[in-house]
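Q:
2 protein chains.
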Amino acid sequence: MQKFAEIVGVANVLTDAADMAPYLTDWTGAWTGDAAAVVRPGSTDEVAALVLAAREAELPITVQSGNTSVAGGSVPGAGKPGLVLSMSRLNRIREIDSAARTATVDAGVVIEALQTATAEHGLDFPLMFGARGTAQIGGALATNAGGANVLRHGNARDLCLGIEAVLPSGEVVNGLSGLRKDNTGYDLRHLLMGSEGTLGIITGAVLKLVPTPKIRAAAFVALSEMDAALDVLNALQDATGGLVEAFEWLPRETVEAIRAHDPALRAPLEDAAETGILVELASTRPDDAATDESGEARLQSLMLATIEPLMERGLIVDGFFATSEQQRLDLWRLREAVLETIVAHGPFVALDVSLPLSAVPEVLRQAQPLAEESGLKPLLVGHLGDGNIHYAVVAAPGQTWDPETVRSFSDRLTDLVTAYGGSYSAEHGIGRAKAATLAKRKDPAQLATMRAIKAALDPESLLGRGILFSEV
Amino acid sequence: MQKFAEIVGVANVLTDAADMAPYLTDWTGAWTGDAAAVVRPGSTDEVAALVLAAREAELPITVQSGNTSVAGGSVPGAGKPGLVLSMSRLNRIREIDSAARTATVDAGVVIEALQTATAEHGLDFPLMFGARGTAQIGGALATNAGGANVLRHGNARDLCLGIEAVLPSGEVVNGLSGLRKDNTGYDLRHLLMGSEGTLGIITGAVLKLVPTPKIRAAAFVALSEMDAALDVLNALQDATGGLVEAFEWLPRETVEAIRAHDPALRAPLEDAAETGILVELASTRPDDAATDESGEARLQSLMLATIEPLMERGLIVDGFFATSEQQRLDLWRLREAVLETIVAHGPFVALDVSLPLSAVPEVLRQAQPLAEESGLKPLLVGHLGDGNIHYAVVAAPGQTWDPETVRSFSDRLTDLVTAYGGSYSAEHGIGRAKAATLAKRKDPAQLATMRAIKAALDPESLLGRGILFSEV
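Chains as they are written, first to last, in my numbering: chain D, 14 to 485; chain H, 14 to 485.
Pasting the structure below:
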């Protein structure tokens, strides 16, 4: 440990069990690991020096950002206890370039902290998910995180113009020029993103920023049926020139469960919608923010004018339009209460699946009886515009939670999803939770390619033991 | 050759020198290569069988799409003559899904053919560059091609949701589900894109489509100075909610050269602009296409209303607004005449550089005397919104073209660009033309990583000999 203390200072090498504990259990409590030490570097150079020292000492490294992984990817897997490398001290916003609309940051910057800082420049970093107050940029990039705004702004990888990283060799690759275009060889940036800390340690990034909208308009609409969703989304996109920021699915059962959990939250529609959608538009156009002849902001009128003919066509059967900022925020409170509602039901499993957009309705139809047969109640929510459904199940009323039955249900649901060309990890990544699933289900040629890349770039398997690749 | 003929049919194995000739010289005439045979597979299975047979016969493979590479990447490099694998027969549009707004295509589909087919669905594949009438999807993806619309819709890689490819092992990886989100392991799609056919042979792809705009508005504006460009672009983006489709830089010297070459083309402004910008907006919004109180389409009025205050602020000093479709097309004729104007000047070299947006003016200022000292006249054009400048030079009037001087100038310009964090290949790739530059200039850690990946995935160096990696 002497060597590590020389690099980061003795205060930043934790070896006492109590000191290490917060770093060795993830936020769900389900994933724990062992470590010889938790080290907290304060610079890229220190990360590079730690990597060399860890190789020398033959200690595997697990990179930990905000420890908010929903796949157990932030705590070390089984095997020889090594180092947990906490990125939290690498939390400097290096530069915000208002003209180029980019931010250059340390990997340990918390997403919300960046959003607060860019807001002062009239800019936003549009990666929006529940854990943004804790999750860090580096973790979001390493797992290619998603969220509610992917529809418009893309996943984490789409928001990243450049990466600085320390390779398993201890070398630092500096890709922080922030170029919009660079076709000089293999794209190591995109390889590191989504590699979950198994090929390199992301220490810095250049991120795209977008102008803060001048106006937002939100509505909660009831679709006639799931199959109407794509028509409605496309109509909204065309009518608004691509201003749809969110298209979040909240089915009747989920809204009812939220209201049972927290009666203070209001259902937006009097008759709970079988297929409810929270739609949000956002625009930077001054003319969209201006009040029009109807007395509403133009963007509101545009939303209404787009939805009216969809109601006439029978695709939408009911709608609530937020006419104040408070009403808009209330819709989002409903959306953001989903997770706590599920957690309050007791044991649950949440599958993060994605599907080709056109296959979503059919897969949901076939999944319902699978859940019922297993004595499970689905509590679903979805980033429907991306074909991404968070398929959570809790014990159905009067049923007990049987882990074996749940595992079997999960397998059958995953079978169903993959049969329709879907993914068993849309935005949460693999981590430790799905490493065995990946080993079993990934196309063998692709898995072999992944293993070949891992062996080529990290021959000693220094990084991310137990993460992504199955330990068995 | 017997084995290959069994796979693709005897008519699709060319060994006669005259038959092979069109495949062994690129469109510029500058790059030539040798081959034992040109083979033309008609299906993914045939590609896979050819790869196995070529391995068996120890014949390297060069993949050739539309043979429009501007970096010599479409014809084989030095070494043992092998196979040129022409993708032209793999030209089936497999499916256009209007609801999901995706197209699934063979890699050999010509870009313009796809655009024609999607137009019938009211959709566009927004990859827009000069060679689109010949260039194929597979080549565009393998080189991560760019063009005039990258600003809004991204490079080729941003338009691709999935890839089918044959690996050097002969295995087929099928990633054609068209998922918007899939975080199951390393992103092989992004690794294959930009690998220029050196890691796998792209045989099919799922591509994003966008709705065809209802209205376009174009203008040619004269900036007060280069430094005003980002302010103008940002103002346009904010005022239009991100509708800027093109922001193309045409400096005075280039416009004058175009007009000298083809006097039928009109200069849009009476006083040729020192720093001219072709701006195009495009919108799918019906309200943008509707005529407003001024009698113009609303999008036209929006452009005017945005530019007026920029003129008052002195950022824009003159402007021409296309008020008819003919005027708009004339502006694009001017833009698209750049290449033929340069070619008409005799020998030229065109560097494809990109820069951090804020560094563009300074680098251009410093480059000018370098060109003058070398007896060269720059004829520039740029996708300025992406920081991408095509820096072409021809002999200055009264000067002779000296290849050695030009090489030295190219080196100095590349030094300058890299000193400012820029790239020596923004969108054209490396091919054979820049393989030595890559070997010399790429950060050693990144180059070593690229070589390790190449060795891991293509240990026999079957694919793309002489391309990307320097032969020396």
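Glycine is no exception: its CB is placed at the ideal position from the N, C-alpha and C atoms.
On the DSSP letters alone, give me the boundaries of the alpha helix (DSSP H) that arginine 454 (chain D) sits inside.
A: From DSSP, the alpha helix (DSSP H) with arginine 454 (chain D) extends over 448 to 454.
Q: Using the Cα positions of alanine 61 (chain D) and valine 394 (chain H), report the straight-line distance between them to the nearest angstrom.
A: 41 Å
Q: Would you mind sorting proline 342 (chain H) into buried or exposed? The rule is 16 or more other CB atoms within 10 Å of its CB.
A: What sits at residue 342 (chain H) in the sequence shown is leucine, not proline. Leucine 342 (chain H) should be labelled exposed.
Q: Tell me where the alpha helix (DSSP H) around glutamine 313 (chain D) begins and ends.
A: 311 to 325
Q: Based on DSSP bridge pairs, tell me the residues matched to asparagine 187 (chain D).
A: DSSP lists D:Glu177 as the bridge partner or partners of asparagine 187 (chain D).
Q: Can you name, in chain order, every residue of its own chain whose Cβ lies under 6 Å from the Cβ of alanine 148 (chain H), other than the five neighbours on each side?
A: Within the same chain, Cβ atoms closer than 6 Å to the Cβ of alanine 148 (chain H) are found at Gly79, Thr81 and Ile124, the five residues on either side in sequence being excluded.
Q: Here's the rule: buried if 16 or more other CB atoms are within 10 angstroms of the residue's CB, otherwise exposed. What is proline 369 (chain D)?
A: buried
Q: Measuring only the C-alpha atoms, how far is valine 23 (chain H) from phenylalanine 17 (chain H)?
A: 8 Å
Q: Does the stretch 131 to 141 of chain H come within contact of the stretch 362 to 378 of chain H, defined as at least 3 CB pairs closer than 8 Å?
A: no
Q: Quick check: is the beta carbon of isoleucine 466 (chain H) nearer than 8 Å to any beta carbon in chain D?
A: yes
Q: Where alanine 469 (chain D) and alanine 465 (chain H) are concerned, what is the direct C-alpha to C-alpha distance, given to the nearest angstrom?
A: 6 Å
Q: Measuring alpha carbon to alpha carbon, tell me which of D:Ser423, D:Ala372, D:His166 and D:Asp365 ends up nearest leucine 389 (chain D).
A: D:Ser423
Q: State yes or no: is the beta carbon of tyrosine 36 (chain D) nearer than 8 Å to at least one beta carbon in chain H?
A: no
Q: Mind the definition here: the stretch 232 to 239 of chain H touches the stretch 322 to 330 of chain H only if three or more C-beta pairs lie below 8 Å; say whether that holds.
A: In short, these stretches touch, since the Cβ pair count reaches three.
Q: Kindly indicate the opening and closing residues of the beta strand (DSSP E) around leucine 393 (chain H).
A: 389 to 396
Q: Kindly indicate which three-state DSSP category tryptophan 262 (chain D) falls into: helix, strand or coil?
A: strand
Q: Which of the three DSSP states, helix, strand or coil, is assigned to tyrosine 437 (chain D)?
A: For tyrosine 437 (chain D), the three-state secondary structure derived from DSSP is coil.
Q: Between which two residues does the alpha helix (DSSP H) carrying arginine 378 (chain D) extend?
A: 373 to 386
Q: Name, please, each residue of chain H whose Cβ falls closer than 7 Å to the Cβ of proline 139 (chain D).
A: Near proline 139 (chain D) there are no residues of chain H at all, since even the closest Cβ is about 12 Å away, more than 7 Å.
Q: Give, in chain order, every unbroken run of the beta strand (DSSP E) that is at least 3 residues long and sits entirely within the stretch 53 to 137 of chain H.
A: List check, beta strand (DSSP E) in window: 74 to 77, 95 to 99, 106 to 110 and 115 to 119.
Q: Does any C-beta atom of chain H lie closer than 8 Å to the C-beta of alanine 449 (chain D)?
A: no
Q: Return the chain-ordered ranges of every alpha helix (DSSP H) run that is complete within the stretch 261 to 305 of chain D and spans a minimum of 4 residues.
A: Runs of the alpha helix (DSSP H) lying entirely within the stretch 261 to 305 of chain D, each at least 4 residues long, are 265 to 274 and 299 to 302 in chain order.
Q: How long is the line joining the alpha carbons of alanine 126 (chain H) and leucine 72 (chain D), rounded to whole angstroms?
A: Take the alpha-carbon of alanine 126 (chain H) and the one of leucine 72 (chain D): they are about 55 Å apart.
Q: Considering only the alpha carbon of each residue, which of D:Pro264, D:Glu209, D:Leu315 and D:Ala178 lies closest to isoleucine 228 (chain D)?
A: D:Leu315
Q: Roughly how many angstroms lie between the CA atoms of glycine 444 (chain H) and threonine 75 (chain H), to the nearest whole one?
A: 11 Å
Q: Can you list, in chain order, the residues of its chain with a C-beta nearer than 6 Å to that of leucine 180 (chain D)? Leave out the 5 residues immediately preceding and following it.
A: Gly213
Q: Going by other Cβ atoms of all chains shown within 10 Å of its Cβ, with 16 needed for buried, is aspartate 251 (chain D) buried or exposed?
A: Taking all protein chains in view, the Cβ of aspartate 251 (chain D) is crowded by 16 or more other Cβ atoms within 10 Å, so the residue is classified as buried.
Q: My guess is that leucine 140 (chain H) and alanine 169 (chain H) are in contact by the Cβ rule of under 8 Å, so how many angstroms apart are they, rounded?
A: That pair is a contact at about 6 Å.
Q: Do the stretch 267 to 286 of chain H and the stretch 331 to 348 of chain H touch if we need at least three Cβ pairs shorter than 8 Å?
A: Verdict: yes, contact present.
Q: Near glycine 95 (chain D), what residues of its chain come up, given a Cβ to Cβ distance below 8 Å and the 5 sequence neighbours on each side ignored?
A: Excluding residues within five positions, the ones whose Cβ falls inside 8 Å are Ala48, Ala49, Ala67, Leu72, Pro73, Ile74, Thr75, Pro89 and Arg478.
Q: Have a look at arginine 340 (chain H) and leucine 256 (chain D) and give me their C-alpha separation to the nearest angstrom.
A: Before going on, a small fix: residue 340 (chain H) reads as glutamine here, not arginine. Spanning the alpha carbons of glutamine 340 (chain H) and leucine 256 (chain D) requires a straight line of approximately 29 Å.
Q: For a contact defined as C-beta to C-beta under 8 Å, what are the partners of threonine 156 (chain D) on chain H?
A: Asn196
Q: May I ask which residues mark the beginning and end of the alpha helix (DSSP H) holding tyrosine 36 (chain H)?
A: 30 to 37
Q: Closer than 8 Å, CB to CB, is glycine 479 (chain H) near chain D or not?
A: no
Q: Comparing the C-beta of asparagine 104 (chain D) with each C-beta of chain A, is any distance below 8 Å?
A: Absent from the structure: chain A. Protein chains present are D and H.
Q: Would you report the Cα separation of alanine 91 (chain H) and glycine 46 (chain H), rounded to the nearest angstrom?
A: A straight-line Cα-Cα distance of about 7 Å links alanine 91 (chain H) and glycine 46 (chain H).
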